[in-house]
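> Below is one structure. I have some questions about it.
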Amino acid sequence: MNQIIAALLLFGLVTAVIVPIIIGSWEEITSNSVSIAEFMEIQQTQNGQILHLISMKQEPGSLSLDLMNVGIYEIGVDVVLIDGIAASYTLTDQSLNPIDVISLNKIVLLDVTGSGSTVQIISESGKLFEFVL
1 MNQIIAALLL
11 FGLVTAVIVP
21 IIIGSWEEIT
31 SNSVSIAEFM
41 EIQQTQNGQI
51 LHLISMKQEP
61 GSLSLDLMNV
71 GIYEIGVDVV
81 LIDGIAASYT
91 LTDQSLNPID
101 VISLNKIVLL
111 DVTGSGSTVQ
121 IISESGKLFE
131 FVL
């Protein structure tokens, strides 16, 4: 009889601990999910973002890239990485005016502090552009 009571108490304790964990995990999963329509919109935007490397100049400690957006959507730059490490950068138009987005069919200059073998640009929509230097 004591073993049955002990087993029931243990089952109750395990249930009391596991149920809130499962509920919290489910809430975390559902709060970070996107609808199918949102996912399709993100995919459409990413597929419409095409960035070409026109020219590149590498000096000790810095890189300059001439880029052209030949896609159908403007590209907002979220982060620039050199060999996978975040780097500071400036984005300017051909007149050297600072800009926030890469407009369609215009050459822009991306100056990056640092040097390495690859430059990765992650757009605001999450698309990754990678250029091997």
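For reference, each letter of the sequence shown is one residue, going 1 to 133 in full-length UniProt numbering.
Backbone N, C-alpha and C fix where the C-beta goes; we use that ideal spot for every residue, glycine too.
Quick caveat, the model's predicted, so the values are computed rather than measured.
Classify M1 as helix, strand or coil using the three-state DSSP reduction.
coil
> What do you get for G71, buried or exposed, if any count of 16 or more other CB atoms within 10 angstroms of its CB means buried?
buried
> Checking the sheet assignment: what are the DSSP bridge partners for A87?
V80
> Would you kindly work out how many angstroms separate the C-alpha atoms of G126 and Q49, rounded to a whole number?
CA-to-CA, the gap between G126 and Q49 works out to about 11 Å.
> Specify whether the segment 10-18 and the segment 84-94 touch according to this definition: at least 3 beta carbon pairs, one from each stretch, less than 8 Å apart.
no
> Does the Cβ of V108 have 16 or more other Cβ atoms within 10 Å, making it buried, or fewer, making it exposed?
buried
> Buried or exposed for T45, please, with buried defined as at least 16 other CB atoms from any protein chain shown within 10 angstroms of its CB.
buried
> Does the distance from the C-beta atom of L63 to that of L53 stay below 8 Å?
L53 is positioned such that its CB atom lies no closer than 8 Å to that of L63.
> Quick one: give me the first and last residue of the beta strand (DSSP E) that Q120 is part of.
First-last of the beta strand (DSSP E) with Q120: T118 to S123.
> Across which residues does DSSP place K57 in a beta bridge pair?
S64
> Specify, as a first and last residue, the run of the alpha helix (DSSP H) that E74 falls within.
Where E74 is concerned, there is no enclosing alpha helix (DSSP H), given that its DSSP letter is neither H nor E.
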